[in-house]
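Structure record follows, encoded as structure tokens.
Protein chains: 2
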Amino acid sequence: MTDTAPRPTLEAVAARAGVSRATVSRVVNGSDGVRERLAERVRRAVEELGYVPNQAARSLVTKRHDAVAVVVAEPETRVFADPFFARQLRGISKELTAHDNQLVLLLTEDRDDHARVGRYLAGGHVDGALVFSLHIDDPLPELIQRAGLPTVYGGRPDGSGGRRGAVYVDSDNRGGARDAVRHLLGLGRSRVAHITGALDQTAAVDRLDGFRDVMADADPRLVVEGDFTPAGGERAMRRLLDRCPDLDAVFAGNDLMAAGALRVLREHGRRVPDDVAVVGFDDMLPIAEQTEPPLTTVRQDIEEMGRLMARLLLRDLDGTTASDGNAGGTPSAVIFPTTLIRRASA
Amino acid sequence: MTDTAPRPTLEAVAARAGVSRATVSRVVNGSDGVRERLAERVRRAVEELGYVPNQAARSLVTKRHDAVAVVVAEPETRVFADPFFARQLRGISKELTAHDNQLVLLLTEDRDDHARVGRYLAGGHVDGALVFSLHIDDPLPELIQRAGLPTVYGGRPDGSGGRRGAVYVDSDNRGGARDAVRHLLGLGRSRVAHITGALDQTAAVDRLDGFRDVMADADPRLVVEGDFTPAGGERAMRRLLDRCPDLDAVFAGNDLMAAGALRVLREHGRRVPDDVAVVGFDDMLPIAEQTEPPLTTVRQDIEEMGRLMARLLLRDLDGTTASDGNAGGTPSAVIFPTTLIRRASA
DNA sequence: GCCACGGGCGAGAGCGCTCTCGGATCACGT
DNA sequence: ACGTGATCCGAGAGCGCTCTCGCCCGTGGC
Numbered sequence: 037m038t039d040t041a042p043r044p045t046l047e048a049v050a051a052r053a054g055v056s057r058a059t060v061s062r063v064v065n066g067s068d069g070v071r072e073r074l075a076e077r078v079r080r081a082v083e084e085l086g087y088v089p090n091q092a093a094r095s096l097v098t099k100r101h102d103a104v105a106v107v108v109a110e111p112e113t114r115v116f117a118d119p120f121f122a123r124q125l126r127g128i129s130k131e132l133t134a135h136d137n138q139l140v141l142l143l144t145e146d147r148d149d150h151a152r153v154g155r156y157l158a159g160g161h162v163d164g165a166l167v168f169s170l171h172i173d174d175p176l177p178e179l180i181q182r183a184g185l186p187t188v189y190g191g192r193p194d195g196s197g198g199r200r201g202a203v204y205v206d207s208d209n210r211g212g213a214r215d216a217v218r219h220l221l222g223l224g225r226s227r228v229a230h231i232t233g234a235l236d237q238t239a240a241v242d243r244l245d246g247f248r249d250v251m252a253d254a255d256p257r258l259v260v261e262g263d264f265t266p267a268g269g270e271r272a273m274r275r276l277l278d279r280c281p282d283l284d285a286v287f288a289g290n291d292l293m294a295a296g297a298l299r300v301l302r303e304h305g306r307r308v309p310d311d312v313a314v315v316g317f318d319d320m321l322p323i324a325e326q327t328e329p330p331l332t333t334v335r336q337d338i339e340e341m342g343r344l345m346a347r348l349l350l351r352d353l354d355g356t357t358a359s360d361g362n363a364g365g366t367p368s369a370v371i372f373p374t375t376l377i378r379r380a381s382a
Numbered sequence: 037m038t039d040t041a042p043r044p045t046l047e048a049v050a051a052r053a054g055v056s057r058a059t060v061s062r063v064v065n066g067s068d069g070v071r072e073r074l075a076e077r078v079r080r081a082v083e084e085l086g087y088v089p090n091q092a093a094r095s096l097v098t099k100r101h102d103a104v105a106v107v108v109a110e111p112e113t114r115v116f117a118d119p120f121f122a123r124q125l126r127g128i129s130k131e132l133t134a135h136d137n138q139l140v141l142l143l144t145e146d147r148d149d150h151a152r153v154g155r156y157l158a159g160g161h162v163d164g165a166l167v168f169s170l171h172i173d174d175p176l177p178e179l180i181q182r183a184g185l186p187t188v189y190g191g192r193p194d195g196s197g198g199r200r201g202a203v204y205v206d207s208d209n210r211g212g213a214r215d216a217v218r219h220l221l222g223l224g225r226s227r228v229a230h231i232t233g234a235l236d237q238t239a240a241v242d243r244l245d246g247f248r249d250v251m252a253d254a255d256p257r258l259v260v261e262g263d264f265t266p267a268g269g270e271r272a273m274r275r276l277l278d279r280c281p282d283l284d285a286v287f288a289g290n291d292l293m294a295a296g297a298l299r300v301l302r303e304h305g306r307r308v309p310d311d312v313a314v315v316g317f318d319d320m321l322p323i324a325e326q327t328e329p330p331l332t333t334v335r336q337d338i339e340e341m342g343r344l345m346a347r348l349l350l351r352d353l354d355g356t357t358a359s360d361g362n363a364g365g366t367p368s369a370v371i372f373p374t375t376l377i378r379r380a381s382a
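Top to bottom, those sequences are chains Z and A.
Take the position in the first sequence, starting the count at 1, then add 36; the result is the number in our numbering.
Take the position in the second sequence, starting the count at 1, then add 36; the result is the number in our numbering.
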């Protein structure tokens with residue numbers, strides 16, 4: 037009960053099958069050049085002994101770990117209030133396990149964590165990394181780049197650090213924002229306000245840019261900075277109502293803030309969408325469906341983005357192993373389209 | 037750029053410091069018995085070379101991986117619609133990294149995945165496992181037990197498989213349910229209905245039991261099975277209104293279903309809480325705060341539960357390494373208390 | 001001044017695997 | 001019958017580390 041039964045080794049299997057270690061290895065790893073008769077005998081021995089290869093020993097020689105790190109750098113709030121993260125993880129997980137890779141999750145909160153994560157990634161425990169939710173000026177990309185670890189970013193990383201070559205997957209935040217605002221305009225609204233996300237994240241900046249693309253000459257007081265939380269949405273909405281009581285539409289940087297805004301609007305007796313139309317971003321379920329009224333919002337295919345990130349990384353990994361590096365057609369960025377989901381709020 | 041610089045080995049550090057591998061190993065692993073002068077020289081060499089130990093080589097001999105698996109067995113729905121999962125992960129992650137352990141995430145959806153996960157766990161890649169969201173009759177515990185891997189379950193596992201010894205952490209679902217129902221009764225309600233969760237999960241069963249503890253002689257038509265989703269909550273609510281139009285309170289098995297129920301009630305012109313009081317379970321944010329009206333619900337300390345799971349597992353791991361196994365005072369179950377959060381819905 | 005003792009250090013084996021290389025074996029052509 | 005490849009398999013080295021031994025040197029007791 038207490039002792040773990042000593043696991044059988046290649047040697048043991050070899051002995052039982054009456055062959056050499058090398059042959060067993062060949063069979064186990066599916067390389068050809070073993071006569072069927074022998075292979076069969078080996079397979080039986082494996083079966084009987086319940087042999088499972090020791091991964092540590094294997095990667096000691098192959099220098100491959102068949103594992104990739106997923107790094108989520110998020111100081112609490114956003115990721116954990118929302119299924120976004122979970123969805124993307126799921127996409128990644130699917131893709132990874134389909135290629136027999138393991139997923140090592142690294143959650144970070146503060147700066148100390150970053151150092152730790154940097155060390156871990158540099159330590160060669162994993163073959164590559166998938167990195168999320170970077171804030172502008174995050175030191176992590178720098179560390180990773182120095183470690184020389186193949187990496188794909190989720191969301192456009194901040195361009196400041198000369199990380200021009202970085203591969204990333206993002207949704208078309210700017211285009212989605214434009215669609216949202218145009219939709220509002222199409223509804224006949226003219227005083228369209230925008231509650232931005234935390235502007236130290238590129239997604240928030242890009243959405244703001246999209247807003248400005250369409251509302252180039254808007255009253256600057258119609259833009260208020262939020263922080264992606266419901267409470268932030270409420271604060272921002274109050275401020276907007278205060279400064280521009282005549283607004284007739286709000287585009288919120290995400291659904292959480294939109295939900296907060298909705299509450300404040302109700303509180304102030306503004307009817308949605310009659311008096312003020314509201315559009316969110318993310319189509320974060322179940323929130324977007326459960327607000328009163330249900331939220332018109334911009335959807336992105338989160339899970340697929342996750343899958344793609346994983347796929348790009350794996351491709352890079354194989355490429356590196358195979359021959360000349362990653363020049364072989366790996367795109368440096370993939371932008372996913374967004375779609376406007378019409379519900380009742382706008 | 038393409039080639040990963042060959043990482044320095046113990047040997048290299050030893051050469052540079054003019055000592056033997058053994059000494060470097062001693063210094064790196066913090067064991068004493070090395071004179072300060074030498075230790076210092078070694079440390080400098082490590083620094084200069086940027087040496088990081090090769091984990092694979094190390095675990096090959098130590099048989100320790102300093103990694104634990106987190107297994108989430110969930111066919112889509114629940115876990116991913118809710119931050120529950122993320123919170124718990126965060127708790128686990130904190131505790132694990134505090135003890136220099138890595139978190140290997142295994143997400144499973146279907147039966148094939150289970151086999152794969154079973155193989156992985158049996159493969160000795162990790163030192164232990166944290167397992168979540170089991171459904172009744174899940175084959176996983178059986179597989180894990182056979183693999184002899186130290187394991188802690190999140191949520192009471194189904195008792196059927198003779199897994200009496202299983203260590204688990206759960207919240208007091210039954211007690212929480214009792215509190216919720218008593219609260220409703222305290223409000224003067226008498227026709228209290230219950231929308232259960234998916235009854236193939238022990239949490240749903242326990243909450244139902246709690247409901248019955250208080251409502252022993254209730255009209256059986258007041259209990260309807262749901263599935264933990266908003267849509268399921270809506271369906272169940274419709275059915276309840278149909279069968280028992282005179283109900284004056286609803287206790288939903290979780291907040292998502294409560295949100296669905298709220299919508300149906302509104303649709304039918306029932307005012308909450310005036311006509312019908314509603315209580316949920318989980319205090320799933322931001323949903324619970326964003327419903328109309330905000331939801332009275334039963335809160336559990338998710339993150340702390342995660343931490344504790346990790347702590348129990350690590351303790352077990354150390355115990356096993358140390359001497360005689362886990363008899364040294366590890367509890368076989370820890371039940372967390374719940375607290376009723378009063379908002380506007382009841 | 002000699003021996004016993006103990007602490008600090010190095011030599012070397014070995015963890016379980018992969019992979020190269022060369023030896024056996026066999027079919028075939030001459 | 002013999003050489004010639006091609007094919008299949010085994011021997012053995014070596015991946016980077018830990019850990020046991022035993023050597024060496026310094027210290028103390030007589």
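Quick reminder that beta carbons are idealized off the backbone N, C-alpha and C, glycines included.
In this text, all values refer to a predicted model and were calculated from it rather than measured experimentally.
Annotation: the stretch 143 to 228 of chain A contains the following complete segments of the alpha helix (DSSP H) (minimum length 4 residues), in chain order: 147 to 158, 176 to 183, 209 to 222. In the structure shown, Phe372 (chain Z) falls within a strand segment according to DSSP collapsed to helix, strand and coil. Under the Cβ distance rule, His161 (chain Z) counts among the residues neighbouring chain A, one pair being separated by less than 8 Å. Between Gly296 (chain Z) and Gly269 (chain Z), the gap from beta carbon to beta carbon is short of 8 Å. At a cut-off of 8 Å between beta-carbon atoms, Ala92 (chain A) makes contact with chain Z. Inside the stretch 62 to 118 of chain Z, DSSP marks whole beta strand (DSSP E) runs of 3 or more residues at positions 103 to 109, from first to last along the chain. Counting only residues of its own chain and dropping the five nearest sequence neighbours on each side, Arg257 (chain Z) has a CB closer than 6 Å to the CB of Arg279, Cys280. At a C-beta separation below 8 Å, Gln181 (chain Z) has no neighbours in chain A, since its nearest C-beta there lies roughly 11 Å away. Using a C-beta cut-off of 8 Å, the stretch 66 to 73 of chain Z makes no contact with the stretch 121 to 138 of chain Z, since fewer than three inter-stretch Cβ pairs fall below that distance. Under the Cβ distance rule, Pro119 (chain Z) counts among the residues neighbouring chain A, one pair being separated by less than 8 Å.
By the Cβ rule, the stretch 72 to 89 of chain Z counts as touching the stretch 151 to 166 of chain A, because three or more pairs are nearer than 8 Å. Secondary structure at Val300 (chain Z): helix, using DSSP grouped into helix, strand and coil. Separation of Asp352 (chain Z) and Ala53 (chain A) (C-alpha to C-alpha, rounded to the nearest whole angstrom) is 37 Å. Cβ proximity to chain Z below 8 Å picks out Leu321, Pro322, Ile323, Glu325, Gln326, Thr327, Glu328 from the stretch 312 to 332 of chain A. One alpha carbon belongs to Leu331 (chain Z), the other to Gly246 (chain Z), and they sit about 20 Å apart. Contact with chain Z is absent for Leu157 (chain A), since none of that chain's Cβ atoms lies less than 8 Å from the residue's Cβ. At a cut-off of 8 Å between beta-carbon atoms, Leu143 (chain Z) makes contact with chain A. Nearest neighbour of His230 (chain A) by Cα position, chosen from A:Tyr204, A:Ala202, A:Val203, A:Phe264, turns out to be A:Phe264. Contact annotation: in the stretch 293 to 311 of chain Z, residues whose CB is within less than 9 Å of a CB in chain A are Ala295, Gly296, Leu298, Arg299, Arg302.
Sequence-distant partners of Arg218 (chain A) (beyond 5 residues in either direction) whose C-beta falls short of 8 Å from its own C-beta, in its chain, are Val250. Counting every other CB atom within 10 Å of its CB across the protein chains shown gives Ala240 (chain A) a total of 16 or more, marking it as buried. Put simply, the CB of Thr133 (chain A) is near chain Z, with a gap under 8 Å to one of its CB atoms. Around the Cβ of Gly262 (chain Z), a 10 Å sphere holds 16 or more other Cβ atoms; the residue is buried.
Separation of the CB atoms of Thr187 (chain Z) and Ala165 (chain Z) is rounded to 5 Å, and the pair is thereby assigned contact status at 8 Å.
Per DSSP, the continuous beta strand (DSSP E) segment holding Thr333 (chain Z) begins and ends at 333 to 336. The bridge partners DSSP lists for His230 (chain A) are A:Val259, A:Phe287.
Annotation: Arg79 (chain A) to Pro193 (chain Z) spans about 35 Å, alpha carbon to alpha carbon. Sequence-distant Cβ neighbours of Pro266 (chain A) in its own chain, meaning closer than 6 Å and more than five residues away, are Leu292, Ala295, Gly296. In this structure, Val205 (chain Z) sits near Val370 (chain Z), with a CB-CB distance shorter than 8 Å.
Counting only the Cα atoms, Glu83 (chain A) lies some 37 Å from Gln124 (chain A). The three-state secondary structure of Asp253 (chain A), taken from DSSP, is coil.
The DSSP-derived three-state label of Val55 (chain A) is coil. Within a 10 Å sphere around the beta-carbon of Val97 (chain A) sit fewer than 16 other beta-carbons, which makes this residue exposed. Note on geometry: alpha-carbon atoms of Tyr189 (chain Z) and Met345 (chain Z) lie some 8 Å from one another. Under the 10 Å beta carbon count, Gly305 (chain A) is surrounded by fewer than 16 other beta carbons and is classified as exposed.
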